[in-house]
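Scroll down for the structure; my scribbles are underneath it.
Residue numbers (our numbering): 1414 to 1584.
See the structure below:
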């Protein structure tokens, strides 16, 4: 197992793998439906480097504080402890949400962590990764690329009304 965690995942063209008995992801695919509201909660964030969580989709819009976009970046060092992210249809009024109709297809939202060093944002380098620590709510413990065994740089929980993919579906 030579090289960093990121290099090992890239060499296998993978976004996840098993490491020391835990599932570790470079990105996590979360499923939701239009009309869902996800609550992102910061559990822990190191002060050594600014930590961030990215959420992105090409199937819907994500609305935070009244602004809707296909990708959002949440900064752990500023803002509230809990942040609501609404999943809204790009073809409907983005100022309101409605429950997903029966039989609606789930929306895939990709999650990944990043961090800032000397004013420059980094992701997917070195020993970066997210360890799955729980599924209801989703709990990800993130490593920011420094010290491959430290998954305490950012710990985040995401609770949603529709659930999400299981870890095995992310492999």
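Built from N, CA and C at the ideal position, the CB exists for glycine as well. Bear in mind that the values here come from a model prediction, so they are computed numbers and not experimental data.
Query, Result
"Where the beta strand (DSSP E) through residue 1479 begins and ends", "Looking at the DSSP string, residue 1479 is not in any beta strand (DSSP E), and its letter there is neither H nor E."
"Residue 1457 versus residue 1450: straight-line alpha-carbon distance, rounded", "22 Å"
"Residue 1546: first and last residue of the uninterrupted beta strand (DSSP E) it sits in", "1542-1548"
"C-beta atoms of residue 1520 and residue 1446 nearer than 9 Å", "yes"
"Range of the contiguous beta strand (DSSP E) that encloses residue 1462", "Note, residue 1462: premise wrong, no beta strand (DSSP E); not H, not E."
"Spatial distance of residue 1453 from residue 1526 (CA atoms)", "13 Å"
"Start-to-end residues for the beta strand (DSSP E) that takes in residue 1435", "1435-1438"
"Length of the line joining the Cα atoms of residue 1507 and residue 1484", "For residue 1507, the predicted model reports a pLDDT of 45, less than 50, meaning its position is unreliable; a value from the coordinates is still stated below. Between residue 1507 and residue 1484, the C-alpha separation is close to 14 Å."
"Exposed unless 16 or more other CB atoms sit within 10 angstroms - verdict on residue 1571", "buried"
"Distance, residue 1498 Cα to residue 1491 Cα", "16 Å"
"First and last residue of the uninterrupted beta strand (DSSP E) at residue 1504", "Residue 1504 -> no beta strand (DSSP E), and no H or E assigned at all."
"Nearest-angstrom Cα separation, counted from residue 1468 out to residue 1488", "12 Å"
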